[in-house]
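What follows is a single structure, written as structure tokens, with notes after it.
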Amino acid sequence: SIKDSVKLCNFNCSQSQGITVQAIDDSRVLLIALKIDAGSFQEFRCDKDLVLGLDLESLSKILKQGNNEEYLTLMAEDSPDNLMAVFEDKKKDRISEFSLKLMDIDSDVLTIDDMETDCTITLPAYEFAKIAKDMKTLSESLKIVVTKDSVKFNAEGQIGTGSVILKPHTDMDKPEESVKIELNSPVALTFGAKYLNDIVKATSLSSTVTIKLTDKSPALFEYKLPSGYLRYYLAPKFDD
Amino acid sequence: NKPQTSIEEFFPVE
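Which chain is which? The protein sequence lines are F and A, in order.
If you read the first sequence in the working numbering, its first letter stands for residue -7, the second for the next number, and so on.
If you read the second sequence in the working numbering, its first letter stands for residue 162, the second for the next number, and so on.
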């Protein structure tokens, strides 16, 4: 989900935190925070805190070698040069092994404090993905305007304008289809459509996305994982 | 078009 936004990332491994990643895209506009709790794995062991510097394109090449029904084990030694990936198909007694070279990656770590939020929107992830993709064809920017009754996505481009308005509703049968708006104060923020389209690449990871917006602050787009999260912090565009 | 801001303006480096 994140390999089109960032190329090199440090994966921090620890027994208590599981795997955490913080990465900033090259244009310094988008910050990605990933947390995969130890409980997400069938087995997780980390005797010593470890930083694995990975090239995501290379990692993706290795991960594509496995089939969906195969078990994947990732292993690194104490001061590793390589990450080992072992795929096992227990039915077929098939084992494939790969080793991926690790890299020393210099990266600034930013402190993300808990932010006060003006509003929180939860909507189906596929719905947000469709809006982001459709609106990008109209404009480089997407404005999100939230009031207590609705959230409006607005694009103004060369060929014309477009908007999608969602009103809060609760779907009793399929809660993940609901649209929720929690509002402290109304907000209107503009974001680069390109970055929103990078963010929605995480759509398959979660049925819903939660968007937290605050005036003159980065927006938080959160995809909850079964045990952990993938968060994107996106800096807004400002008027001159 | 509005100019894009940088994420680092909002979060301090540790």
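The C-beta atom is built at its ideal place from N, Cα and C for all residues, glycine as well.
Show which residues of chain A have a CB atom less than 8 Å away from the CB atom of residue i.
| i | result |
| --- | --- |
| L23/F | I168, F172 |
| S52/F | Those do not exist, as S52/F stays about 24 Å from chain A at its closest Cβ, beyond 8 Å. |
What did DSSP end up calling residue i once you bin it into helix, strand or coil?
| i | result |
| --- | --- |
| S198/F | coil |
| L48/F | helix |
| P164/A | coil |
| A25/F | strand |
| V126/F | The identity of residue 126/F in the sequence shown is Asp, whereas the question assumes Val. DSSP places D126/F in helix when its eight states are reduced to three. |
| I97/F | coil |
| E170/A | helix |
| G149/F | coil |
| V234/F | Beyond the ends of chain F as shown, which are -7 and 232, falls residue 234/F; an answer cannot be given. |
| K144/F | strand |
| K135/F | strand |
| I(-6)/F | coil |
| S91/F | strand |
| A121/F | helix |
| G154/F | strand |
Find out if the Cβ-Cβ distance for the pair residue i, residue j is shorter than 8 Å.
| i | j | result |
| --- | --- | --- |
| A77/F | L94/F | no |
| L115/F | V179/F | no |
| A235/F | F183/F | Nothing can be reported for residue 235/F: it is not among the residues displayed for chain F, which extend from -7 to 232. |
| V43/F | A121/F | no |
| E61/F | D81/F | yes |
| S52/F | L22/F | no |
| C233/F | S71/F | Summary: the structure shown does not reach residue 233/F, with chain F confined to residues -7 through 232, and so no result is reported for it. |
| V138/F | E175/A | no |
| K27/F | G45/F | no |
| L134/F | F145/F | yes |
| I113/F | L181/F | no |
| S196/F | D29/F | no |
| N74/F | L55/F | no |
| K(-5)/F | L48/F | yes |
| N176/F | D110/F | yes |
| L217/F | S32/F | yes |
| S99/F | F171/A | no |
Identify the contact partners of residue i in chain A, using a Cβ-Cβ distance below 9 Å as the criterion.
| i | result |
| --- | --- |
| L102/F | I168, E169, F171, F172, P173, V174, E175 |
| Y225/F | I168, F171, F172 |
| R86/F | Residues of chain A passing the Cβ test: none, with the nearest at roughly 44 Å. |
What distance in whole Å lies between the Cβ atoms of residue j and residue i, which are believed to be in contact at a cut-off of 8 Å?
| i | j | result |
| --- | --- | --- |
| K159/F | D141/F | 6 Å |
| Q165/A | A227/F | 7 Å |
| I123/F | A25/F | With 8 Å as the limit, I123/F and A25/F do not qualify as a contact, their Cβ atoms being about 23 Å apart. |
| I168/A | I16/F | 6 Å |
| A194/F | Y215/F | 5 Å |
Chain A partners of residue i, CB-CB under 7 Å?
| i | result |
| --- | --- |
| D231/F | K163 |
Check: the segment 165 to 197 of chain F: which residues have C-beta closer than 8 Å to a C-beta of chain A, in chain order?
Finding: T182, G184
Check: In the segment 0 to 22 of chain F, which residues sit with their C-beta less than 7 Å from some C-beta in chain A, listed in chain order?
Finding: I16, R20, V21, L22
Check: According to a CB-to-CB cut-off of less than 7 Å, which residues of the segment 204 to 215 of chain F neighbour chain A?
Finding: S209, P210
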